[in-house]
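Visitor: Have a look at this one.
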Amino acid sequence: MAKDPRKGITPVFLFAHGSTMMLGEESEPARIWEQVGNEALRRGVKRIVMMGAHWESPGDTVEVSMNPNPKMLPVGSVTDARYLPYKVQPDIEGGAKVIKLLKTAGLNAKAAPTFDWIHDTFLIIIRMFPRCIPLPTTIVSMNARYEPHFHLKIGAALRLLRYEDTLIIGSGGSVHNLYRNYWANMLLYRDNFAQPVPPGTWALEFRQAVEDNITNNTGPELRRAITRMMKHPRYKEAHGTDDHWMASLFAVGAAGGKDDEGPNTMIAECWELVNMCNTQYQLGSWDAYNPM
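Structure representation (structure tokens):
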């Protein structure tokens, strides 16, 4: 695969999508998502490949969205007008390329011809491109065993796409334990950003550990650092289930090759429901030249 010397390898983004209300409410992450979308268009990015946190495949499989006319599944706490008129752009050609790369890497990849989009991905896409037609997008499933190295391998298998004007995005959560959130203000007043009390110590400690590991490591060390996070003493408090962490492994798999030098930066953040931390990361630079 020839590398165009006029273009750098695209960065990878790890977005914490938060609650469904992030689709309708203004926030610092929402502004950053739109800025990333604008920069992708300016840089000539042609397509997006994403892994979210709400689609998992059984056994040893990983599935790839190949529905030419997907619907957007219903979203709670957001008016229909905020998303139903939006037209998502599935990428069938890109999906076929993703399947081929995954199979070449030895993964049991399958097409999902009837998959409908879930808020963890279309929330981000709508916010990235609120005023224009979005870039064609392929969605890759998690695997229901939530094995960290498996998800690193998915991201690593797709790293080559970064040389082909493709933006790779993981959409999960830095601190995402629904059982430990404070729901009253959201349910009673539609206020997802209310902070009647400070976040728990467990949430603050894990959030900081994530930032430290992402910003202080590059290349294979980044992959090892984020994999080890699942053994962090605060991990199970910060993630009551493993689903929202898999996108982190996918992203660092795509951004943790031996030639990846970063910088990896935290670019935005907000807290919701007291204990949900939505931190946004950019892994790598738009202007980096990374020879294959």
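The number in the working numbering is simply the position in the sequence shown, starting from 1, with 17 added.
Positions of the beta carbon are idealized from the N, C-alpha and C atoms, including for glycine.
Rounded to a whole number of angstroms, what is the C-alpha to C-alpha distance between residue 40 and residue 277?
Guide: Approximately 32 angstroms between the Cα atoms of the pair.
Visitor: Looking only at its own chain, which residues have a Cβ that is under 6 angstroms from the Cβ of residue 244, when we skip the five neighbours before and after it?
Guide: Excluding sequence neighbours, residue 244 sits near 165.
Visitor: So residue 103 and residue 92 are in contact, right, with Cβ under 8 angstroms, and what is the actual spacing, rounded?
Guide: Contact flag wrong, Cβ pair sits at about 11 angstroms.
Visitor: Could you tell me the boundaries of the alpha helix (DSSP H) in which residue 114 lies?
Guide: 109-121 is the span of the alpha helix (DSSP H), which, as asked, contains residue 114.
Visitor: Considering only residues of the stretch 188-213, which uninterrupted alpha helix (DSSP H) runs meet the minimum length of 4 residues and lie entirely inside it, listed in chain order?
Guide: Runs of the alpha helix (DSSP H) inside the stretch 188-213: 201-206.
Visitor: Just to check my reading of the structure: residue 126 and residue 185 have Cβ atoms closer than 8 angstroms, yes? What is that Cβ distance to the nearest angstrom?
Guide: Actually they are not in contact, since the Cβ atoms of residue 126 and residue 185 sit about 16 angstroms apart, beyond 8 angstroms.
Visitor: Exposed or buried, residue 108, counting other C-beta atoms within 10 Å across all chains shown (16 or more means buried)?
Guide: Buried, by the Cβ-count rule.
Visitor: Between residue 67 and residue 188, how many whole angstroms is the CB-CB distance? I'm expecting something under 8 angstroms.
Guide: About 6 angstroms; that satisfies the 8 angstroms criterion.
Visitor: Among residues of its own chain, excluding the 5 on either side of residue 136, which ones have a beta-carbon nearer than 6 angstroms to its beta-carbon?
Guide: Correct list, in chain order: 37, 92.
Visitor: Assign residue 90 to buried or exposed, taking buried as 16 or more other Cβ atoms, counted over all protein chains shown, within 10 Å of its Cβ.
Guide: So residue 90 ends up on the exposed side.
Visitor: Classify residue 302 as helix, strand or coil using the three-state DSSP reduction.
Guide: Residue 302: coil per DSSP, three-state reduction.
Visitor: Assuming residue 45 contacts residue 286 (C-beta within less than 8 angstroms), just tell me the rounded distance between them.
Guide: Their Cβ separation, rounded to whole angstroms, is 7 angstroms, which keeps residue 45 and residue 286 in contact under 8 angstroms.
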